[in-house]
Amino acid sequence: MSGPVNVGFIGIGDQGAPMAVAISEKFNLHVWARRDSSYESLEGSSFTRHESAVELATAVDVLCVCLRSDHDLLQLLLGGVLDALPSGAILINHATGDPGEARAFEEACKAKDIRFVDAPVSGGRPGAVARTLTCFVGTDAATLEKCGAILSTHSTHVVHMGGAGTGQASKLCNNALTVSNLRNVVEVFSIADAFGVSPASLQTAFSHSSGGSFILDALGTKVTPQIAAHIAKLNRTDVEEFAAAAKKLGLDVSAIEAWALGGAAGLERVVARLSARS
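This is how it looks when you write it as structure tokens:
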């Protein structure tokens, strides 16, 4: 997009706030939040604060939304935001959701001459702060070309997966694979423990071997005993969302669903064992 671009951001939470900060360094940032305290996360950044989501929508060329669910996005749009966005604007959804819902959002946006992008991200708050997120993009090539520079402010890898819905499908598959890999770690560590091999030593050796993986490296470092229960809950949700989306296509994913849920169930135990360093 040529010239100064006004970018709106709604959802300045744990992950959204550092994404918004990154955007503010390259574009004119506009923000609305329900709670006044939320704006504290943007301290030191340049942005225009709005009194309502609808007011923000009238002032931007691109609106980025990072809420919890498809339902939250739907309520936002039905609350007047979709009608308030100017013709030709781009709406980017960073939340993880259902591929079918993404396609429905695209159709609703088309009726208002709005371009829709489903662009869930992977990397969590640490990736957002470091600006090393991976962005799974579902939209047409022309729209990505218009908004790609915005996504690149916080994402090292902006990958075009295909049309609307493919970004969400790719993110759900990524989540399922991650938690399935976690189950592999849980099972192998249990066997190694029976052999009398220290899990901590095993983790160190594996990290430099073919058995290494992202999830293995995260255990005990990014995923600590203090947050393991919370992460396990998120993992379960990830697997359930993946399975629900697949079942809508008539796919039988019961095997991978059961295996991955076992990984989420064993997360706290593995992290506690690693933290004991025995």
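Residue numbering for the sequence shown follows numbering that gives the first Met the number 0, starting at 0 and increasing by one per position.
Here a beta-carbon is modelled for each residue, glycine too, at the ideal position from N, C-alpha and C.
Owing to the predicted nature of the structure, the values given are computational and were not obtained by experimental measurement.
Runs of the alpha helix (DSSP H) lying entirely within the stretch 150-183, each at least 4 residues long, are absent. Distance from Pro-119 to Lys-221 at the Cβ level is roughly 19 Å; contact not present, criterion being Cβ atoms closer than 8 Å. Close CB contacts of Thr-165 within its chain, under the 6 Å cut and outside five residues either way in sequence, are with Gly-137 (chain order). As a beta-bridge residue in DSSP terms, His-29 pairs with Gly-7 and Thr-47.
In this structure the stretch 7-22 touches the stretch 65-72; the number of beta carbon pairs closer than 8 Å is three or more.
Beta-bridge annotation (DSSP): Gly-12 is not paired with any residue. Excluding five sequence positions before and after Val-157, the CB atoms of its chain that fall closer than 7 Å to its own CB belong to Cys-134, Val-136, Gly-147, Leu-150 and Ser-151, given in chain order. Boundaries of the beta strand (DSSP E) harbouring Thr-133: 132-137, taken from the DSSP string. Non-local C-beta neighbours of Gly-123 in its own chain, meaning closer than 7 Å and more than five positions away in sequence, comprise Gln-14, ordered along the chain. Judged by their CB atoms, Ala-191 and Leu-176 are not nearer to each other than the 8 Å cut-off. It is roughly 33 Å from the alpha-carbon of Ala-217 to the alpha-carbon of Phe-115. Per the coordinates, the alpha-carbon of Val-238 lies some 6 Å from the alpha-carbon of Glu-256. Separation of Asp-35 and Ser-44 (C-alpha to C-alpha, rounded to the nearest whole angstrom) is 16 Å. Around the beta carbon of Ala-52, 16 or more other beta carbons lie within 10 angstroms, which makes this residue buried. Per DSSP, Asp-69 is not a residue of any beta strand (DSSP E); the alpha helix (DSSP H) it occupies stretches across 69-75.
Setting aside the 5 residues that flank it on each side, Cys-108 is surrounded in the same chain by Leu-81, Leu-90, Arg-114 and Phe-115, each with a C-beta closer than 8 Å to its C-beta; the list follows chain order.
For Ile-11 and Leu-171, the gap between their C-alpha atoms comes out near 22 Å. Inter-residue distance for Ala-94 and Ala-88 is about 19 Å (C-alpha atoms, whole angstroms). The beta carbons of Asp-69 and Glu-100 sit about 4 Å from each other, so the pair counts as a contact at 8 Å.
Taking Ala-271 as reference, the option from Glu-240, Pro-224, Val-252 and Ala-259 with the minimal CA-CA separation is Pro-224.
DSSP, reduced to helix, strand and coil, places Leu-66 outside both helices and strands of the structure shown, so it counts as coil. Rounded to whole angstroms, the Cβ separation of Ala-56 and Leu-73 is 15 Å, and the two are not in contact under 8 Å. For Ile-226, there is no enclosing beta strand (DSSP E), as DSSP marks it with neither H nor E. With 16 or more other Cβ atoms inside 10 Å of its own Cβ, Val-61 counts as buried.
Contact annotation: His-153 and Ala-21 have beta-carbon atoms nearer than 8 Å.
Annotation for Ser-86: Asp-112 place their beta carbon closer than 6 Å to its own, counting only its chain and skipping 5 residues before and after. Around the beta carbon of Ser-253, fewer than 16 other beta carbons sit within 10 angstroms, so the residue counts as exposed.
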